[in-house]
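*Asks:* Protein sequence lines correspond, in order, to chains F and R. Quick note on numbering: the first sequence equals residues 1 to 95 in this note's numbering. Quick note on numbering: the second sequence equals residues 1 to 173 in this note's numbering. Idealized CB from N, CA, C, for every residue including glycine. Take a look at the following structure, please.
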Amino acid sequence: MIKVRIPTPLRPLTKNQGEVSVAAASIEDLVNNLEAAYPGIKARLCDDKGELRRFVNIYVNEEDIRFLKGKDTALKTGDEVSIVPAIAGGSPWPA
Amino acid sequence: MSHAVTELVIPRPILDDMIAHARELAPHECCGLLAGTDRIVHRLYRIKNIVALEGAHYLSSFDAAKVAHLERLSPAERAEIAFVMDMQDFSTAKKDMRQRGLDLLVVYHSHPHDPARPSGTDIKIATDYEEIWPKINLAVPSYLLISLMNGEPEIQNYWIKSGQVSPAPFIIR
């Protein structure tokens, strides 16, 4: 099983769990298995072609999957996956 | 926490580059990172503001009121009141920092029409992010705001911890 850290904006989809465990041999696998367990999550992470959206990062043991093999990045038991939303903010109005 | 002990040092050319970034993108918000060693900034990374990208505001900790407001605006207008960092740019910057032996020190963004103070949205997202920084092997940065509302840029730097904002003084050298 792979431990996956879920950021606050996605927790409404994971019954408010900040960490979930899923079986997966690759990132693509992991995203599909997350989607099966928590419908709606895949569309937040990937575009129509299955590529990671630019406003989210997936780290495997602190390395961005973009610098590994993207969605083909292999996973093994004990790996820690973090879903990291974009740093964001904005001006006060409407506060 | 020990980061209050030393004031941040921002060299004048880097400060000027940051102000130029804010002015170039106005009326849209700019965003970026400052990295260095021993509280001295050595490098600035401009990061693209992708708030106008389809779906960007859904994954960014904006509260329901901010999302509703963003959805009423055109993509160009969205960038006047919010920023979402391009995380591909962010990862490239993070990798460059690691290769150069630099620490992330500051996350900056501009408020083209508003004061150099963190908004409610800024505070909420920074607080959500506190638990993320250690997971990606980075120390919690301070947050620097550049206001252009009065013509002359006003720059302030803050710590945001558990929803509390406190000044993070800096020296220009």
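Are the segment 58-73 of chain R and the segment 103-113 of chain R in contact at 8 Å, needing three or more beta carbon pairs?
*Replies:* No, the segment 58-73 of chain R does not touch the segment 103-113 of chain R.
*Asks:* Suppose contacts are defined by Cβ-Cβ distances below 8 Å. Is ILE65 (chain F) in contact with LEU30 (chain F) by that definition?
*Replies:* Your numbering for residue 65 (chain F) matches position 65 in the first sequence. Your numbering for residue 30 (chain F) matches position 30 in the first sequence. Contact flag unset, no.
*Asks:* Using a Cβ-Cβ distance under 8 Å, would TYR38 (chain F) count as near chain R?
*Replies:* For this step, residue 38 (chain F) is matched to residue 38 along the first sequence. No, no contact with chain R.
*Asks:* For GLU29 (chain R), go through chain F and note every residue whose CB falls closer than 9 Å to its CB, in chain order.
*Replies:* As a position in the second sequence, residue 29 (chain R) is number 29, starting the count at 1. Under the 9 Å cutoff, chain F gives GLY89, GLY90 and SER91.
*Asks:* Based on the DSSP output, what are the partners of GLN164 (chain R) in its beta bridges?
*Replies:* Locating residue 164 (chain R) in the second sequence gives position 164, where the first residue counts as 1. According to DSSP, GLN164 (chain R) bridges with R:LYS161.
*Asks:* Have a look at R:PHE90, R:SER162, R:ILE171 and R:ALA168 and flag the residue whose alpha-carbon is nearest the alpha-carbon of ILE136 (chain R).
*Replies:* Along the second sequence, read from residue 1 onward, the residue named residue 136 (chain R) stands at position 136. Of the candidates R:PHE90, R:SER162, R:ILE171 and R:ALA168, the one whose C-alpha sits nearest the C-alpha of ILE136 (chain R) is R:PHE90.
*Asks:* Note down the Cα distance separating GLN164 (chain R) from GLU54 (chain R), rounded to an integer number of angstroms.
*Replies:* Along the second sequence, one-based indexing puts residue 164 (chain R) at 164. Along the second sequence, one-based indexing puts residue 54 (chain R) at 54. Distance between the alpha carbons of GLN164 (chain R) and GLU54 (chain R) is about 31 Å.
*Asks:* Grab me the residues of ASP47 (chain F)'s own chain with a C-beta within less than 7 Å of its C-beta, minus the 5 sequence neighbours each way, in chain order.
*Replies:* Along the first sequence, read from residue 1 onward, the residue named residue 47 (chain F) stands at position 47. Correct list, in chain order: ARG53.
*Asks:* Count Cβ pairs between the segment 18-28 of chain R and the segment 30-43 of chain F that sit closer than 8 Å; are there 3 or more?
*Replies:* The answer is no - the segment 30-43 of chain F does not touch the segment 18-28 of chain R, with fewer than three Cβ pairs under 8 Å.
*Asks:* Is the Cβ-Cβ distance between VAL84 (chain F) and ILE123 (chain R) less than 8 Å?
*Replies:* Working through the first sequence from its first residue, we reach residue 84 (chain F) at position 84. Working through the second sequence from its first residue, we reach residue 123 (chain R) at position 123. In this structure, ILE123 (chain R) does not lie closer than 8 Å to VAL84 (chain F) by Cβ.
*Asks:* Does the distance from the CB of PRO153 (chain R) to the CB of SER147 (chain R) come in under 8 Å?
*Replies:* If you number the second sequence from 1, residue 153 (chain R) lands on position 153. If you number the second sequence from 1, residue 147 (chain R) lands on position 147. Yes, the pair counts as a contact, with Cβ atoms nearer than the cut-off.
*Asks:* In chain order, what residues of the same chain have a beta carbon less than 8 Å from the beta carbon of SER26 (chain F), not counting five sequence neighbours either side?
*Replies:* The sequence position of residue 26 (chain F) within the first sequence is 26, counting from 1. Cβ within range, chain order: LYS71, ASP72, THR73, ALA74 and LEU75.
*Asks:* With distances taken from CA atoms, which of R:VAL41, R:PRO134 and R:PRO27 is nearest PHE83 (chain R)?
*Replies:* Looking up residue 83 (chain R) in the second sequence gives position 83. For the residues R:VAL41, R:PRO134 and R:PRO27, the minimum Cα distance to PHE83 (chain R) belongs to R:PRO27.
*Asks:* Going by C-alpha to C-alpha distance, which of R:ARG100, R:ILE125 and R:PRO112 sits closest to ARG78 (chain R)?
*Replies:* Position 78 of the second sequence, counted from the first residue, corresponds to residue 78 (chain R). For ARG78 (chain R), the nearest C-alpha among the options comes from R:PRO112.
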